[in-house]
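The next block holds one structure in the form of structure tokens; read it before the comments.
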Amino acid sequence: MRSTVKRSYAMALAFALCSWGTQAEDSLDDLFGDSDFGAGEESQTSSGAEETKASPDADEKDRSESARAEDARIYPDSIALDEEPVPDNSERSRPANRLVEEIVVTAQKREESLKDVPISVQAFSDEKLEAMGVTNQDDLQQLVPSLNISKLLSFTTIYLRGIGTDAFLTADPSVATYIDGIYFPFAMGLAQDFGVLERIEVLKGPQGTLFGRNTTGGALNIVTRDPVLEEFSAQLNVTSASYPDLHTKAYINVPVGEDFAFSVSPVYAKTGHYIKNVNESQRKPLQDDVSKGARVKLRWNPAEWLDMTVGALDIVTTAPSQSLFPVSTATDLAVSMGADRNQYVKGSDEANMDGCCDNAADNRVYYGSAKFYTPWLDIKLLASDQFITTRTLIDFDGGKDPIATFFADRFNADVKTAELQFISNADTWGSEWMRWIAGAYYFDGLAGFMEPNTRLEATFRTDAFDAAFGPDNPLLPAFQDTGLLPFESGGAGQPPLGRVYATFLVETQSTAGFLQSTFTATDWLDVTLGLRYQDESRHMLDSQLGTVVGDEMVPVQDRETAEKQDGTVVGPFHAEQTWSPKISLETRPFGDDTLVYLNYQTATKSGTYNGLAVAGPATFAEPETVKAWELGAKASFLYGTLQLNGAIFDYDLENLQVQFVSLTTGGSVAFENAEAAKIRGMDFDFLWVIAPHLIDGLVLAGGVGWLETAEYTAYPDARGYTDNSGQAQEGQDFSGNRIVKTPKISGNLALAKSWTIGNGNLEAAVNMYYTDEFFNEPSNRELTVQPAYKLWGAHVSYLYEPWQLRVSAFGANLTDQYHTRGIQPTDFGDQQTIGTPRTYGLRLGWEF
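Numbered by my numbering, the letters in the sequence shown go through residues 38 to 885 in order.
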């Protein structure tokens, strides 16, 4: 306890030193004097357009005239917002570095400079992501400390600062994903390519007031490019990499008249497999992963007071490799059925799985926004209609023998959302001392097997069926009474196979209202107050278990109720009302260069049903709640060459929703609650333009996350695997265990240098991502621990400015470090999604 207190004091002291350092900066005047550092340097704006910096020749006495003028003087490779650029008079500009940028974000649903937002946010433009080698959601964790992104089938599970959930079928993610302001509620289909972007914002910590619905862990706010009026532009990016890989994305903006424009952004990617399935009798041969689709946006701006945008997104992904997760160590149960103890050899490029592999997802989304600007306030209306469908074939035992195979045929989600926002502007009454946003939100979703004869089908060998359904399973007599245990021949030398199905359908409706206001109390203190009210209901429309005879589905059990973790029976309908308050104190004790803030807020993730059980009752997980404190600071030092953002946070969670997979205690996926959990830690990110007077274009960037505490403080009556028997144990106590996917230390570093050569810009960069070891099960079994690992990457690129043509050579995971992108324990072993091995390739980017 004493050491923890000391560490907490040390962290607080670090923030005090950061703030004090801003004052100490003045003592460096003698060293820097009236230097013209930063003069003539090129800059990347958030949209990727290059502009030229004004040459700073103002006298020392003019420094206090404007904070923005000061920023323009001291920040290299950046440009002050809302300020017209002054032509550069130098004969030769200094090279731009794409890691340095100033981004306008909408983390509080209004446009603000990133350094002025009093919450923990990291933001990346499309240019910076490309410079760091990040082209999809999976790799984003390499730029954000304490972010963990795992993949399983068509699903993406996200943990941020220790808050997340592996529940990916019918529960909502704890870290919400927004695309162009539209909430994408389900984990299915989110493992998509980013395409051509404006920026990505990672909002850390609960966002219960503004981003609202179920965001107990944070939010990813992805912003794509809007059409631009009266300006034709186009962009093409082509990547060819090893193992092999072809990735293309494009963007075309076409103006029509003065007030209308449209854009098209197509994506196509084809990826071979670095893990090959060598089983000669595999159910479906492994095909290449293919992702293709397009985003189309139309914009109409007929008057200064109206701006409308509508869009359509259709991305089809066929990715059988995402259902290729072999078992490295089989359980005793699997061995008793003839499986080899040691199956997949870690680091090998071969797997041996008989029931493999198919996986497909189709995302079709129609959405739009209308912005109305009035002399009193701004009004914004957002709406969407989303339809997502997936198909999956899983070798559940992960081995060469036919023991258990799952096939999910057209698991769908149909979602409609709407949001109305009222936002104060510069002409709103009281705007000198108050800024506010108010709004209402509506959500209507249906998820499950909607179409006739669609289902989750499990094919069992007889001994696997016995393990799942008998002799103690109460469902076994239901099968025996009907006489419907239709076992078919499993082939020469193989025992018979039986087919069981499960169906599930749940409807969710949610309405919410929110208000957040920031009051300027003094010239150095702002106070923000926020509140969100949410009324949400879920209705389990279908939950059925049966057997398949030929092509006919024969019901055995039609579930009309569900069970809580303690055995309490609940009905098929559940409603709850929640309030999520927020209070924030924001101060600038040393001028505009330093922002210090203290936040308190709460957030709730709604309770949910899981009726998709193969061998047990439908279950219900209680709502998850979090109470969060955060002390943060954003500061710049050394005339803006060093920018540092950091925060200390403390979270108390109740009824943390946990996923559990076991045939013998509930079926394919079951949910339960950890009664209480505690997370305490800190993270920071920085960007340092090194010695700009001596070296042009040299930048060091990075960040570190430290989760000092991340434990289940109360988790009695838990279920889980405590050994390698394959038999899940009920009534366990996991209190005191570490929360899954929470490494103590994680972080990244990037060093980049740019040179002006001829008519272009040469750029070289090296980057490193590190994560400490972490657990994949609440039981903290050593067998499924992800060991610590480092990933090294590098690239060299040349931009030929007259053509705006960039050619890059890059490498990722240069040391060929073996790692996983997720481990899922089951009755038969530890199924692993293998991480990408060493990769190298070429990338071509052309803008015109």
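Where is the CB? At the ideal position from N, CA and C, for every residue including glycine.
- Taken atom to atom, the span from the alpha-carbon of ASN379 to that of THR821 is near 14 Å.
- At a Cβ-Cβ threshold of 9 Å, THR427 and ASN396 count as neighbours.
- Rounded to the nearest whole angstrom, the CA to CA distance from GLU600 to LEU197 is 29 Å.
- In the structure shown, ASP451 falls within a strand segment according to DSSP collapsed to helix, strand and coil.
- Boundaries of the beta strand (DSSP E) harbouring PHE497: 493-498, taken from the DSSP string.
- Contact annotation: PRO155 and ASP563 have beta-carbon atoms nearer than 9 Å.
- With contacts defined as CB atoms closer than 9 Å, SER762 and ALA801 fail to qualify as a contacting pair.
- Of the residues ALA278, GLU748, PRO322, the one whose Cα lies closest to the Cα of ILE431 is PRO322.
- If you look at ALA371, you'll find it in the alpha helix (DSSP H) that goes 369-373.
- Taken in chain order, the complete beta strand (DSSP E) segments of 3 or more residues contained in the region 144-218 are 158-162, 184-189, 192-197, 212-216.
- With 16 or more other Cβ atoms inside 10 Å of its own Cβ, HIS310 counts as buried.
- Ranking ASN636, VAL543, MET345 by CA distance to the CA of MET487 puts VAL543 first.
- Remark: C-beta atoms of TYR637 and ALA665 approach each other more closely than 9 Å.
- The three-state secondary structure of SER279, taken from DSSP, is coil.
- In the three-state scheme derived from DSSP, where H, G and I count as helix and E and B as strand, GLN359 is classed as helix.
- Its chain contains ASN813, THR821, ASP867, GLN869 as the residues whose beta carbon lies nearer than 6 Å to that of ILE860, once the 5 sequence neighbours on both sides are disregarded; these appear in chain order.
- The beta carbon of MET577 is closer than 6 Å to those of VAL543, PRO609, TYR646, GLY648 in its chain, skipping five residues each way along the sequence.
- For the 9 Å CB-CB criterion, ALA787 and LEU737 form a contact.
- Shortest Cα-Cα distance from GLY683 to any of ASP689, SER699, GLY718, PRO357 involves GLY718.
- Distance between ALA504 and ASN400, taken at the CA atoms: about 37 Å.
- Distance from the CA of TYR877 to the CA of ASN804, rounded to the nearest whole angstrom, comes to 14 Å.
- The beta-bridge partner set that DSSP reports for TRP466 is empty.
- Beta-bridge partners assigned by DSSP to TRP725: LEU679, LEU737.
- Fewer than three Cβ pairs drawn from the region 333-345 and the region 361-368 lie within less than 8 Å of each other, which leaves the two stretches out of contact.
- Here PRO243 really is in contact with VAL663; their C-beta atoms are around 5 Å apart, less than 8 Å.
- Shown here, THR873 sits in coil according to DSSP, grouped into three states, outside any helix or strand.
- No residue range can be given for PRO839, since it is assigned to no beta strand (DSSP E) and is classified by DSSP as neither H nor E.
- When the Cα atoms are used, LEU744 and VAL171 turn out to be separated by approximately 24 Å.
- Measuring C-alpha to C-alpha distances from TYR806 to each of TYR752, THR852, GLY795, ALA652 identifies THR852 as the nearest.
- Here ALA356 is near VAL327, since their CB atoms are less than 9 Å apart.
- Annotation: the continuous beta strand (DSSP E) that includes GLU238 extends over 234-241.
- Between the alpha carbons of GLN272 and VAL142 lies a gap of roughly 23 Å.
- Restricting attention to GLU341, ILE416, ILE460, MET390, the CA atom closest to the CA of PHE433 is found in MET390.
- Assignment of THR821 by DSSP, reduced to helix, strand and coil, places it in the helix class.
- Contact between the region 686-694 and the region 580-589 is not established, with fewer than three Cβ pairs separated by less than 8 Å.
- Here DSSP, grouped into helix, strand and coil, assigns PHE506 to helix.
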